[in-house]
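Residue numbers (this note's numbering): 62 to 243.
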């Protein structure tokens, strides 16, 4: 059994929390700075603190690629990988730290999934696809063999990316983007 913390308190964070518990792992807490949020499905919500629950692996439950990238820069917890028990991942696929593979997703042989990537429900990533860091592939999408998805790109729901296609980067991995969240 692994211990986990999820950074975020919205819908995506709840989906990740569910995947963690379905894997028979222990979800210790959610971190979120919303002072009005005290628990999610019985699990406490705390403001992020670098010394809290240091033994636990962290996953960022933030859907926005740029926000997820900016948070990943200052979090000191070790990141893990969450794979929903109803996902299928080829034995030779490479999944980067901080990534989440959700229910019904299929990751085929030779695929490389970067860091902090969200592969949503019922997505198929075919053989030899490369998805760079901080991308999000929305539900029911297909990415054809040999395609490459650039850093920070969003693949919208129900999209089919042809084989050997290249989707450009949305941003550079090192770039810091100021976001007005409230």
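The C-beta atom is built at its ideal place from N, Cα and C for all residues, glycine as well.
Note that the coordinates shown come from a computational prediction; the quantities given were computed from them, not determined experimentally.
As assigned by DSSP and simplified to three states, the class of residue i
i: residue 88; result: strand
i: residue 83; result: helix
i: residue 142; result: coil
i: residue 226; result: coil
i: residue 150; result: strand
i: residue 161; result: strand
i: residue 135; result: helix
i: residue 76; result: helix
i: residue 190; result: coil
Cross-strand partners of residue i (DSSP beta bridge)
i: residue 221; result: 203
i: residue 197; result: 179, 215
Alpha-carbon spacing of residue i relative to residue j, whole angstroms
i: residue 243; j: residue 95; result: Per-residue confidence for residue 243 stands at a pLDDT of 38, beneath the threshold of 50, marking its modelled position as unreliable; the derived number appears in the next sentence. One C-alpha to the other measures close to 11 angstroms.
i: residue 157; j: residue 130; result: 14 angstroms
i: residue 127; j: residue 231; result: 9 angstroms
i: residue 85; j: residue 79; result: 10 angstroms
i: residue 240; j: residue 64; result: Legend: pLDDT at residue 240 = 49, less than 50; position of this residue unreliable, value from coordinates given subsequently. Going from the Cα of residue 240 to the Cα of residue 64 covers about 30 angstroms.
i: residue 154; j: residue 168; result: 7 angstroms
i: residue 233; j: residue 125; result: 15 angstroms
Proximity of residue i and residue j at Cβ, strictly below 7 angstroms
i: residue 69; j: residue 122; result: yes
i: residue 77; j: residue 136; result: no
i: residue 216; j: residue 226; result: no
i: residue 149; j: residue 172; result: no
i: residue 206; j: residue 189; result: yes
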